[in-house]
Every structure is written in structure tokens, then in C-alpha cells.
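The sequence shown begins at 175 in my numbering and counts up by one. Here is the structure we will look at, set down as C-alpha cells.
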Amino acid sequence: MEKKILVVGGGGREHAICWSINRDKVKHKIYCAPGNAGIAQIAQCVDIEQTNINGLLNFVKENKIDLTIVGGEVPLSLGIVDEFEMEKQRIVGPSSAASRLESSKAFAKEFMIRHKIPTAHFIVADSPDQAILILERGDFGSEDEPLVVKADGLASGKGVILSANRSEAILAVNQLVNSNNIEKNATKHIVLEQMLYGTEVSLLLFADGKNFALMPPARDYKRIGNNDTGANTGGMGTVCDNDLLTNSQTQEIIDKIIKPTLEGASEEGLEFRGVLFLGLMLTDGGAKLIEYNVRFGDPETQSILLRLESSLVDICESIIEQQLENFQIEFDNKKSCCVILAAKNYPAKPELGDTIQGLETDSDKITIFHSGTLKINTGELLTNGGRVLGVAAKKEALKAALDNAYSAVKNINWKGIQYRTDIGS
Ligand code: AMP
Ligand code: GLY
């Protein structure tokens, strides 16, 4: 049945969600708040910020929206799902309480311990000063031990600093506290963690509170520079490839991480409905959970949804109806990728408003997802965010998909454009 659907957010992930809905056999009417210039090609953009929960609620009531899909963690943590459900509006996503699995790293780590989920050793400091004291006293880690320093709260991927030793970790605490990119609240508590070594995989799943369905595994390239150098970003590119995990690794993750998480959440009254994202490190000692996200990843989603053959709308409805058990979700067997093109000075202080050139590519070999773009009266397209565009492709072989994506990337340009040339390697 044809539906009116609202997608909340305005980045590449939300473009991919709208794109996927737009491919549905049924022609739905898609709205996106606030959307972006790319999304505007396939959806009606609505000028309401994703944090304006009341505004969004009024919009869905006035426009008789049948289904709302939330892209990002901020509206989820603000309780958009709770508010919508209270007003009997159909929405997919976890409650604000369940969203704490992402919005508080300290909560998430303590949850992992309660449910015996393998993760890095850690300690939670109640304040940045206490974190420094812990480090100075040597209460956590030894002088030369690499440590990871994390802001407890949401920080768009900018709240984590990898430190080579204790002295660097002390500097990292100060750097987080003084960062202009991180809200003060997010650094009220600090998590200090042991460094894990191995390869990282993002594994996403749909969950309806009773059952779950895996999506194919993806890998995110987080650092700004080639060979994983430079600052952490929201993600500079992804691949989605079944071979990222063996069957036995997947089974181990299901048994030791996914089931204890979903069962533990239900036991604690945090029944998880929506998309759960596991950030995993495949270590010599097995898979360890780095973090939860309570939503689709960005840019993982761009490469994952490229491979989805089932209807995303039907999946969302089956989550709301708790009918995932009876839904066979299909992905194709190809390999996909998404290369992110970022603005000058991303992630520190991205420059906005530069003219994007060479986007007239009309190729069926690639799909372009807009992350941060703005179309002005003259018809010109401008950069309007740290991450600007994602160029995605899929093929039987990953290399062929990457070749297609990168040959399109070469034609696109603006002042100070940045991208990694080693996605997928
Ligand atoms: P997060 O914001 O928790 O996803 O962390 C961002 C990135 O920091 C992760 O994707 C990892 O690359 C890295 N990271 C976080 N925690 C650890 C850890 N304990 N050991 C190694 N790398 C980590
Ligand atoms: N790409 C990681 C994230 O969405 O947080």
C-alpha cells in the first residue's frame, strides 16, 4: 500500500534511506526533515530540524504520515520515539532509554559488563579531573600502555582519542574538554579504555524486541588520511562485503554479543526495536565490542542499502509489528563501497559554501549520496557540511566496485576537496 513516509535527518545516511524507499515496488510519498539538495531530488524536504521533536510531531499529525524513520542518534536520544508513540504515531527506532547504549559510553560499557559481553577493559571517571588523577596515579594502565580516551556523551565520532601512553592520555583528556566540536555535557564523564588490536568490522542488525535479522557486514574507514592516519572522522568511506566475517565469526558474535545484548536490554526494560549497530574489533582473542550505535551507521548505510533487495518500508513495518521472525530479508551477493568526499578542513572546522563541480555524472555504475550539500538560486551546488558527498558502487568483485567509484570521484571537485584513495584496501 502506498504510504506517506517521513525520514528524519539530512545526511548521506538519510539520502540512502530515501533512495531505498524510492526503489520500492510501491510508489510512496517521501518527506525528509530537513533533508539536503540530493535528497530533494527524490523526496519533499521539510524545513524542520531533527532536534525539533514537537515540530516533527506536529508535521506527522498534520500531514497524516504513516511511518517515520529516524536516521541519527540525536533525535533518538532526545526521545523522539517515546514522544511519537505516546501520540500513537508509527515510528521505527529505540526509546530514549534504550538509546543510552549509544548516548552514554559509560552506560554502554557497564551494560556490557553486566551481560558478560566481551569488550576492552575500562574505567569510568566521574569528571575530567578525576580521569587525569586516575592516569597520574597510575590507577589504570601502565606508563607505556596505549590507551583510548573517550567522552562519555555524543560527539559525532569526535569524542575518541587514541593515545600511545599515559602522558598522551592526559593530554587527550584536556583536548576533549577543550574541543569546540564537543558539547560540554559530553565530557562530564570520561571513559578510559585499554587499546584493542585487530581488524574492525561494523555489523548492523534489525531488531523488533523479540527477533533480529543481520545485515551484511561493513567496514568503515574512520581516519581522515590514507593508511588510517590523522584525525578520527564520522567515517571517510565504507565497504560492505559478506567476506568481512566468516560464518564462525558471525556465529560467535551472535552468541556472545548480539543475544546477550538483546536479552539483556529486554531484562533491563530497554527492549530494543530498530537498527542496532555493533562496532567490533576482531582480536586474536575473538570479537570484542567497541561500541553500540542505536541506528544506521553513516556511511555504512550507503553501502549496505545499495545491496538490499527487500523493501525497507516492509522491514520497518515488521519491526513495529514485531513480525521480523516471519520476514525473509534479502541482500544481494555483491560487494559494495562508498567513498566520502569531504570539505576543506574537515573534521576540524570544515569550510562550507564552496562550489561543487563535475557532479553531472549520469552513470548507472555509481550512486551518489549527498551528505552536506546546498543548492542555491543560481542552480549551483555548494558544500554545506563536513562530509559532502558519498560515491557508492557495487559489483561482483570489490575491486571493480571501487574502480567504478573512484573513476567517478576523479571528475568531482571543489576547493580543498578531501578523500581517501585507499578505501577497501
Ligand atoms: P567510537 O566513537 O567508540 O566508535 O570509536 C571511534 C573509533 O575509535 C573506533 O571505530 C575505533 O577505530 C577506535 N577505538 C575506540 N575504542 C577503541 C579501543 N578500545 N581500541 C582500539 N580502538 C578503539
Ligand atoms: N560510521 C560510524 C557511525 O555512523 O557512527
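We put the beta carbon where it would ideally sit given N, CA and C, even for glycine. Quick caveat, the model's predicted, so the values are computed rather than measured.
Quick check: what's the CA-CA separation for residue i versus residue j?
i, j, result
"Asp-198", "Trp-588", "34 Å"
"Asp-394", "Gly-409", "6 Å"
"Leu-555", "Glu-176", "32 Å"
"Cys-511", "Gly-331", "20 Å"
"Thr-412", "Asn-401", "14 Å"
"Ile-291", "Thr-435", "8 Å"
"Ser-171", "Val-220", "With the chain covering 175 to 599 only, the question about residue 171 has no answer from this structure."
"Ile-308", "Ile-335", "17 Å"
"Ser-492", "Ser-353", "41 Å"
"Lys-279", "Leu-379", "20 Å"
"Ala-405", "Lys-262", "43 Å"
"Glu-236", "Ser-337", "50 Å"
"Leu-366", "Val-298", "6 Å"
"Ser-277", "Val-347", "19 Å"
"Val-234", "Leu-515", "33 Å"
"Arg-264", "Gly-546", "28 Å"
"Leu-533", "Ala-343", "42 Å"
"Ala-282", "Thr-293", "10 Å"
"Asn-355", "Arg-561", "15 Å"
"Ser-194", "Phe-543", "11 Å"
"Val-244", "Glu-317", "43 Å"
"Phe-258", "Leu-231", "7 Å"
"Asp-240", "Leu-275", "28 Å"
Which first and last residues belong to the alpha helix (DSSP H) in which residue i is found?
i, result
"Arg-288", "279-288"
"Met-389", "That residue, Met-389, is in no alpha helix (DSSP H); it is neither H nor E in DSSP."
"Met-260", "254-260"
"His-295", "Note, His-295: premise wrong, no alpha helix (DSSP H); not H, not E."
"Lys-433", "433-441"
"Phe-505", "Counting along the chain, Phe-505 falls outside any alpha helix (DSSP H), and DSSP gives it neither H nor E."
"Val-347", "340-352"
"Ala-582", "572-583"
"Ile-427", "421-427"
Does residue i have its Cβ less than 8 Å from a Cβ in chain B?
i, result
"Met-260", "You won't find chain B in this structure, because it holds only one protein chain."
What residue range is occupied by the uninterrupted beta strand (DSSP E) comprising residue i?
i, result
"Arg-397", "397-399"
"Arg-561", "561-569"
"Tyr-664", "The structure shown does not extend to residue 664, since the chain is modelled only from 175 through 599, so no value can be given for it."
"Leu-479", "No beta strand (DSSP E) contains Leu-479, which is instead part of the alpha helix (DSSP H) from 474-479."
"Asn-467", "460-467"
"Gln-368", "364-368"
"Ser-251", "Looking at the DSSP string, Ser-251 is not in any beta strand (DSSP E); the run it does join, the alpha helix (DSSP H), is 247-251."
"Glu-374", "373-382"
"Ser-337", "334-337"
"Val-200", "From DSSP, Val-200 is part of no beta strand (DSSP E); its letter is neither H nor E."
For residue i, count the other beta carbons within 10 Å of its own beta carbon; 16 or more makes it buried, fewer makes it exposed. Which is it?
i, result
"Arg-340", "buried"
"His-295", "exposed"
"Arg-311", "exposed"
"Leu-328", "buried"
"Gln-502", "exposed"
"Glu-452", "It is Leu, not Glu, that sits at residue 452 in the sequence shown. So Leu-452 counts as buried."
"Tyr-371", "exposed"
"Gly-559", "buried"
"Met-260", "exposed"
"Val-200", "exposed"
"Glu-247", "buried"
"Ser-599", "exposed"
"Ile-550", "exposed"
"Asp-596", "exposed"
"Thr-420", "exposed"
"Leu-345", "exposed"
"Glu-495", "exposed"
"Gly-443", "exposed"
"Asn-467", "buried"
"Glu-188", "buried"
"Ala-571", "exposed"
"Asp-506", "exposed"
"Gln-425", "exposed"
"Gly-448", "buried"
"Asp-300", "exposed"
"Lys-238", "exposed"
"Lys-384", "exposed"
Fill in: Three CB pairs or more closer than 8 Å across the segment 559-571 and the segment 531-547
In short, these stretches touch, since the Cβ pair count reaches three.
Notebook entry, point to check: So, do the segment 250-263 and the segment 474-481 have three or more beta carbon pairs nearer to each other than 8 Å?
Noted result: The segment 250-263 vs the segment 474-481: no contact.
How about the segment 445-461 and the segment 200-220: do they share at least three Cβ pairs that are nearer than 8 Å? No contact exists between the segment 445-461 and the segment 200-220.
message = Quick test of the definition: if touching needs 3 or more C-beta pairs under 8 Å, does the segment 382-393 touch the segment 354-368?
response = No, they do not touch.
At least 3 beta-carbon pairs within less than 8 Å: the segment 265-277 vs the segment 308-323: They do not touch, by the three-pair rule.
Is the segment 520-527 touching the segment 571-584 in the sense that three or more CB pairs, one from each, lie closer than 8 Å? Proximity of the segment 571-584 to the segment 520-527 falls short of the contact definition, fewer than three beta-carbon pairs being nearer than 8 Å.
Should the segment 495-514 be called in touch with the segment 300-310, which here means at least 3 C-beta pairs below 8 Å? As far as the Cβ criterion goes, the segment 495-514 does not touch the segment 300-310, which means the pair count is below three.
| said: Would you call the segment 281-292 in contact with the segment 420-437, where contact means no fewer than 3 C-beta pairs closer than 8 Å? | reply: Yes, the segment 281-292 is in contact with the segment 420-437.
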